[in-house]
Amino acid sequence: MIYVISDIHGCYQSYLKMLEKLGVRDSDTVYILGDTIDRGRDGIKVLQDMMMRPNIIPILGNHEYMAAHALDSLADAAKAQAQMPTPELKRKLAKWVSDSGTATLHAYRKLTPQQRQQVLEYLSEFSLYEEVRAGGKDYILMHAAPVEGGKALSEYTPEELLFTHTLPEENPFPGKILVTGHTPTFLLGDQYRGKIVVSEKGDHICLDAGAGYGENLAAVCLNTGWHYYVSTADDPALA
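So in the UniProt record's numbering, spot 229 of the sequence shown is number 229, and the numbers just go up one at a time.
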């Protein structure tokens, strides 16, 4: 089976509960559409667990993108034994921390040098998108999605695939089913709070059910179309 999860946002216990609910086996594949970190304070734990599971395929989100840029610069400064952070490092850290990266940064600082390197190397393995065929249908999996089409996937910039907020009825890739996270579905209307939203044509599945805001962590099985939910309301990472 092929499963897709998105926007865990540091909710480690809910992430483990979801894997248990899905009954993931070694023969299954789980794609995670980014934003594994930030908001909740256990994002580093999520990453460390993911990197030990060869059947989990990570896709980059805007939060990993910002974190990787900031932490790479921080690591370079440490290697150079810089006494004062450069303006560029300050800018990258400020951008990330201002977008709820504080808890992840604190957890990262507590890691050993070897663990830090493992996290940085793992983040560098995240892809911008994946193309998957399941149940006789073709899917494009990415964190966010560009509003405008007309280009090959490889021609889009990271910013276009990570930071854009698209509506369920927007899919710039004809003939493919788009699966995205990034935009919490409660922003589409209170009636969608905590739920996966699928476009009327069935060609865009919006998976961010608001786990980072105490709503639900959501998953979909591409083979069956079934939806799965785990509430994050009581996740200790959000306390």
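Note that beta-carbon positions come from the ideal geometry of N, C-alpha and C, so glycine has one too. Bear in mind that the values here come from a model prediction, so they are computed numbers and not experimental data.
Checklist entry - Going by beta carbon distance, what residues of the same chain come within less than 6 angstroms of His-165, once the five residues before and after it are set aside? => result Thr-183
Checklist entry - How is Ile-8 classed by DSSP in three states: helix, strand or coil? => result coil
Next on the checklist: Please state whether the Cβ-Cβ distance between Val-46 and Val-179 is less than 7 angstroms.
Outcome noted: no
Next on the checklist: Can you tell me which residues form a DSSP beta bridge with Glu-131?
Outcome noted: Ile-140
Checklist entry - In the stretch 143-224, which residue ranges form an unbroken alpha helix (DSSP H) of at least 4 residues, counting only runs that do not cross its ends? => result 158-162
Checklist entry - Does DSSP put Thr-112 in a helix, in a strand, or in coil? => result coil
Next on the checklist: Between the alpha carbons of Tyr-129 and His-143, how many angstroms are there, rounded?
Outcome noted: 8 angstroms
Item to check | Beta-carbon contacts of Val-220 that lie in its chain and below 8 angstroms, excluding the five residues immediately before and after | outcome: Tyr-3, Val-4, Val-179, Ile-196, Ile-205, Leu-207, Trp-226, His-227, Tyr-228
Next on the checklist: What would DSSP say about Ala-80, mapped onto helix, strand or coil?
Outcome noted: Residue confidence is low: Ala-80 scores 48 on pLDDT, short of 50, so the model does not pin down where it sits. Its coordinate-derived value is still stated next. Three-state DSSP puts Ala-80 in coil, outside helix and strand.
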